[in-house]
Structure formats: structure tokens, C-alpha cells
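Asker: Residue numbers (full-length UniProt numbering): 1 to 211.
For each residue, glycine too, the CB sits at the ideal point set by N, CA and C.
Bear in mind that the values here come from a model prediction, so they are computed numbers and not experimental data.
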């Protein structure tokens, strides 16, 4: 029998690797601040490459979105897995809410993709379904201990993220402060008998500019 060899894919040249990294960095920045509706041509311009180069590396926006947010998806899975592994279900549930808000405050685009608001990013549907299924199991455990209100459903997390998406501020520190307080308020609303612990401080609004 004649041995059949399959040619190995050629590694990308260093300039091609550099272009790819620049495209991903530019897309991550623009998706985070402007959401997923930003045009591909704007991403190419921001990356300093031509549209042909962008489409050669990422033929569709879907492939680019999945590449940009692969790390965030892994982080979300890790957050939920950590919550499930906690021997105290309520503490695990609470940490999932806190860390999920922390992840989503940094990127408007990731929130849109996670909530399936971007129809072409269907790869996120399976990840979202898996994470919501794991969250549902964690919620059932917290409900059995009597800490989580019995009428909580996993879709409440989507409602939470929809409301969380509305947090806007010019500075990152202000957005983060607002996110922490929002998460604390939501956690207390989910708890059967809310603890009267102090909330994180509310962010101060920026003073108006002099005209």
C-alpha cells in the first residue's frame, strides 16, 4: 500500500500573525465601547489594515465575534463552575452574580452576544444554554437551603444583564462602582430574607462642565 500523506497547514507569516492580532485587538476595543453593530470596515481602519486583509483572516463578523470573546466565554464557564463547586449554594450563587456583572461591565458587545441580541453569533447559544442550565442547578440548591427565593428562575439572570447593560458612565471606575452596587441590590432582591448589610457606595455623578 502506498502511504498517503496529508500536507500540514502552513504557519502564518509573522506579518500575517501581527495583522490578525491587530484586528482582534481593534475589534475587542470597538465591540466593548460601541457594541456589535460596528462595521467591519471600521474595525479594519482601527486595526490599520485593509478590508481585504480583515476578510482574509475573518471571512464573517461571526467568526471575528467568536474569536474576540472566546476568553470571556471561558471566564463565564469558570465563574459558574466555581459557584457550583462551593459547598454553600447561596454563597456560590451570590458570587456568580457578582462576577458575572464584573465580566459584563467591561464589554457592551459581549453582553449583546451573550444575550443573543446579535443573531449571527449563534455559537453563543450553546454556551448560554449550558451556563443557564448550570445556574439553574445552583439556584435549586440555594432554594433547597431556603436562602434563594422560591420564585427565582434562570431567565431572571437575563433580565439582570439587560438592566445591567444600561449602566453608562464616562469613567471605568464609575461604571465599576455602579456595577458593584447594582449587583448587591440584585442579590438582596433574590434572597428570601435579605441581609441588612451595607451596600457598596453609590458612584458620584460627574460634575457638569462649565460652558
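Output the distance between the C-alpha atoms of residue 51 and residue 36, rounded to the nearest integer angstrom.
Answerer: Looking at the two C-alpha atoms, the distance is approximately 17 Å.
Asker: State the DSSP-derived secondary structure class of residue 36, mapped to helix, strand or coil.
Answerer: If DSSP states are grouped into helix, strand and coil, residue 36 belongs with coil.
Asker: Measuring alpha carbon to alpha carbon, tell me which residue in 187, 112, 100 and 72 is nearest residue 149.
Answerer: Minimum Cα distance to residue 149 is reached at 187.
Asker: Going along the chain, which residues of its own chain have a beta-carbon closer than 7 Å to the beta-carbon of residue 27, five neighbours each way excluded?
Answerer: Cβ within range, chain order: 43, 64 and 68.
Asker: By a C-beta neighbour count over all protein chains shown, 10 Å radius and 16 as the cutoff for buried, is residue 89 buried or exposed?
Answerer: With 16 or more other Cβ atoms within 10 Å, it is buried.
Asker: May I have the straight-line CA-CA distance separating residue 75 from residue 199, to the nearest angstrom?
Answerer: Their Cα atoms are separated by approximately 26 Å.
Asker: Find out if the Cβ-Cβ distance for the pair residue 100, residue 73 is shorter than 8 Å.
Answerer: No, Cβ-Cβ distance for residue 100 and residue 73 is not below 8 Å.
Asker: Put residue 216 into one of helix, strand or coil per three-state DSSP.
Answerer: Outside the displayed range of the chain (1 to 211) lies residue 216, so it cannot be described from this structure.
Asker: Suppose only complete runs of 4+ residues qualify. What are the alpha helix (DSSP H) ranges in the segment 77-114, listed by chain order?
Answerer: For the segment 77-114, whole alpha helix (DSSP H) runs of length 4 or above, ordered along the chain, are 89-104 and 108-114.
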